[in-house]
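Following: one structure in structure tokens, then a few remarks.
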Amino acid sequence: MKQLSIIIVNYNVRHFLELCLSSVYEALHNLDAEVIVVDNNSPDDSCAMVKERFPEVILIENKDNTGFATANNQGVAIAKGEYLCILNPDTIVAEDTFDRLYAFVTNTDGSSRKSKKEIGAIGTRLVDGTGKFLPECKRNLPTPRVAFNKIFGNGNDYYARHVKYTENGAVPILVGAFMFLKTEIYREVGGFDEQYFMYGEDIDLSHTIELAGYKNYYLGELPVIHFKGESTAKDSKYRKRFYGAMRIFFKKHLRTNMFQDLVVSMGLFVATLSRKRTEQPPQIAPSAYFIVTQNKNLQKALSETLSTSVVIVEDLDSVPAGAEVIFDANTMSYKAVIERLMEYQDRSLTFKIIPKNSTFALGSNSSDGRGSMIQFMAL
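Printed below as a string of structure tokens:
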């Protein structure tokens with residue numbers, strides 16, 4: 001048996017998947033682990049990239065888009081790890097992420113808990129591509145009242161605010177972009193409910209784990225990047241699936257009377273209509289480009305691609321607002337990249353990351369929008 005199995009469900013985000021896998025393998029040097037990618041019939045060259053760049057990955061190529069829940073269950077079905085990490089393809093982990101998680105669950109990190117037997121799933125602090133905290137990584141149970149208030153813009157009870165985002169603590173609901181748990185527990189509770197196609201299954205699994213007698217934990221001391229916009233585009237199809245998922249959850253777990261059902265259904269319907277005008281955030285061209293690297297050839301390649309000067313920089317305090325900073329993962333660790341994003345999140349900067357041994361820089365300037373990429377020729 002291996003110590004850890006990492007399950008990544010991918011659909012049509014080839015470059016984000018490459019960046020994710022690059023960070024994952026940098027984080028597995030001290031663990032006996034396997035990586036399983038389940039591709040849901042991506043129209044891009046995700047599978048070809050995995051075979052070429054990461055031949056050690058166990059790749060499942062579905063002929064149809066089976067959905068997030070079913071695809072994860074496929075991956076777990078062949079997993080050989082004592083522990084699982086359900087991971088989105090648009091994430092970046094630090095080099096010590098899995099080491100610290102494994103220490104936490106095996107009680108070798110010095111923290112005080114009643115027993116490791118009580119631990120259900122574990123989530124980490126998620127930040128977007130600009131370093132800003134994503135509050136959905138720790139949530140409360142979405143009762144009809146909580147869900148109704150959230151739909152109309154009052155999310156005070158929706159998010160688990162009793163645990164500060166930088167701290168560790170028990171929370172009811174985690175997010176499916178990053179869930180770390182014992183394989184035995186996942187299988188005990190039946191894994192993700194395949195009634196859900198996408199959205200809601202993480203709420204369902206979190207709640208089912210707690211109903212089985214375990215506690216879910218949030219580790220605010222472990223930041224992970226989740227670009228989010230790549231896997232959760234806010235279009236009409238998203239809204240239909242999300243609100244449909246809430247109906248499934250209420251019917252399955254919460255006993256509601258006819259009046260509550262009517263109120264929630266009306267709220268979901270009205271919210272769907274009111275959000276149809278949601279637009280993608282505008283892409284604003286950076287005022288200047290800077291790169292953190294020791295590779296002058298890389299600087300030259302980017303300058304030629306962008307037809308403008310790209311300046312090598314070490315101290316980001318000197319970078320003006322409106323500029324874009326490109327981090328070279330061949331020069332600095334992914335952990336350092338994550339720390340820099342969080343440190344400079346309020347400086348009106350945008351960021352991109354070049355994965356190790358790659359010829360593109362990738363980033364996302366908003367948790368609600370698609371990411372952007374710079375493809376360059378190696379010199």
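In full-length UniProt numbering, the protein residues as written are 1 to 379. We treat Cβ as the ideally placed atom computed from N, Cα and C, and that holds for glycine. Here the structure is a predicted model, which is why all the values come from computation and not from measurement.
Bridge partners - residue i, DSSP secondary structure assignment
i           : result
residue 139 : 159 and 173
residue 33  : 4
residue 226 : 91
residue 127 : 133 and 225
residue 215 : 119
residue 39  : 10 and 61
residue 312 : 291
residue 372 : 363
residue 248 : The partner list for residue 248 (beta bridge, DSSP) is empty, contrary to what the question assumes.
residue 83  : 4 and 182
residue 168 : 219
Start and end residues, beta strand (DSSP E) containing residue i
i           : result
residue 363 : 360 to 363
residue 289 : 289 to 292
residue 180 : 178 to 182
residue 351 : 350 to 354
Chain-order list of residues whose beta-carbon lies under 6 Å from that of residue i (same chain, five-residue window excluded)
i           : result
residue 133 : 127 and 165
residue 326 : 291, 352 and 361
residue 22  : 355 and 356
residue 54  : 21
residue 99  : 30
residue 9   : 38, 68, 71 and 72
residue 17  : 10, 46 and 89
residue 382 : The structure shown has nothing for residue 382, since the chain only spans 1 to 379.
residue 324 : 286, 289 and 350
The alpha helix (DSSP H) enclosing residue i, as first and last residue numbers
i           : result
residue 322 : No alpha helix (DSSP H) contains residue 322, which DSSP labels as neither H nor E.
residue 342 : 334 to 343
residue 305 : 296 to 306
residue 49  : 46 to 53
residue 101 : 97 to 105
residue 74  : 68 to 77
Distance, residue j Cα to residue i Cα
i           : j           : result
residue 196 : residue 69  : 7 Å
residue 212 : residue 121 : 12 Å
residue 79  : residue 5   : 6 Å
residue 308 : residue 354 : 18 Å
residue 285 : residue 306 : 11 Å
residue 123 : residue 217 : 6 Å
residue 374 : residue 175 : 29 Å
residue 169 : residue 219 : 7 Å
residue 372 : residue 289 : 15 Å
residue 138 : residue 297 : 42 Å
residue 246 : residue 200 : 6 Å
residue 321 : residue 313 : 15 Å
residue 50  : residue 287 : 35 Å
residue 254 : residue 207 : 11 Å
residue 125 : residue 337 : 15 Å
residue 75  : residue 104 : 24 Å
residue 106 : residue 202 : 24 Å
residue 363 : residue 188 : 38 Å
residue 358 : residue 101 : 28 Å
residue 3   : residue 205 : 22 Å
residue 48  : residue 377 : 20 Å
residue 95  : residue 334 : 7 Å
residue 365 : residue 136 : 18 Å
residue 19  : residue 349 : 21 Å
Sequence-distant residues of its chain with Cβ nearer than 8 Å to residue i (five each side left out)
i           : result
residue 58  : 34, 35, 36, 37 and 78
residue 114 : Its pLDDT being 47, under 50, residue 114 is placed unreliably in this model, and the value from its coordinates should be taken loosely. Answer for residue 114: no residue qualifies.
residue 45  : 14
residue 342 : 127, 131 and 223
residue 310 : 289, 290, 291, 299, 302, 303 and 326
residue 163 : 138, 169, 170, 171, 218 and 220
Cβ-based neighbour list, residue i, same chain, cut-off 7 Å, excluding 5 preceding and 5 following
i           : result
residue 214 : 118, 119, 120 and 185
residue 277 : Low per-residue confidence applies at residue 277: pLDDT is 48, beneath 50, and the placement is therefore not dependable, though the value from the model is reported in the following sentence. No residues qualify anywhere along the chain.
residue 24  : 6, 35 and 93
residue 344 : 131 and 316
residue 332 : 292
residue 367 : 128, 134, 228 and 229
- prompt: Using 8 Å as the Cβ pair cut-off and three pairs as the minimum, do the stretch 71 to 88 and the stretch 176 to 192 touch?
  reply: yes
query: Touching or not, the stretch 11 to 18 and the stretch 84 to 100, by the rule of three or more beta carbon pairs under 8 Å?
result: yes
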